[in-house]
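Heads up, the sequence shown is in our numbering, so the first residue is -19 and it goes up one at a time. In this text, a Cβ means the ideal position worked out from N, Cα and C, and glycines have one as well.
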Amino acid sequence: MPVRKFAIADARFERSPGQEGAAYVANLVDQRDGAPITIGYGRYGPDQRMEEEIVVDDVMIVLEGRVSVESDGGTVTAGPGEIVHMPKGSRVTIRSHEAGAVTAYVTYPHWQQPEG
């Protein structure tokens, strides 16, 4: 696999599976590339709320805006340049703030199986 770089302009966003609000994801690298990890971007509209059980180790890097992640261990809020790790098995509520948010993510292993 060659060395590659990505920009948000490369992303093709789709609604985050199982969500009805303005929460979108765009995988840029995943198992279809032969990679052991998934890399992509997330985009959240203002004041969105997602409840998830984390099925893989998930690292979220906040690029724009702010997100809060609530779990049994409390709540962390992250802004641009900050990283949130959500360990496999965590039950979390992810909330964007009034300006929405753009994030990058890395998961191990893959969080989504390709269709087909």
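Annotated three-state conformation of Arg23 is strand, per DSSP.
Using a C-beta cut-off of 8 Å, the segment 39 to 47 makes contact with the segment 71 to 91, since at least three inter-stretch Cβ pairs fall below that distance. The residue among Thr55, Gly61, Gln93 with its C-alpha nearest the C-alpha of Arg75 is Thr55. Per the coordinates, the alpha-carbon of Gly53 lies some 25 Å from the alpha-carbon of Pro(-3). Under the three-state reduction of DSSP output, Arg12 falls in the helix class.
A direct Cα-to-Cα measurement between Gly14 and Pro89 gives close to 12 Å. Apart from sequence neighbours up to five positions away, the residues of its chain that approach Asp10 with a beta-carbon distance below 6 Å are Thr18, His90, ordered along the chain. For Arg(-8), no beta strand (DSSP E) encloses it, and the DSSP letter there is neither H nor E.
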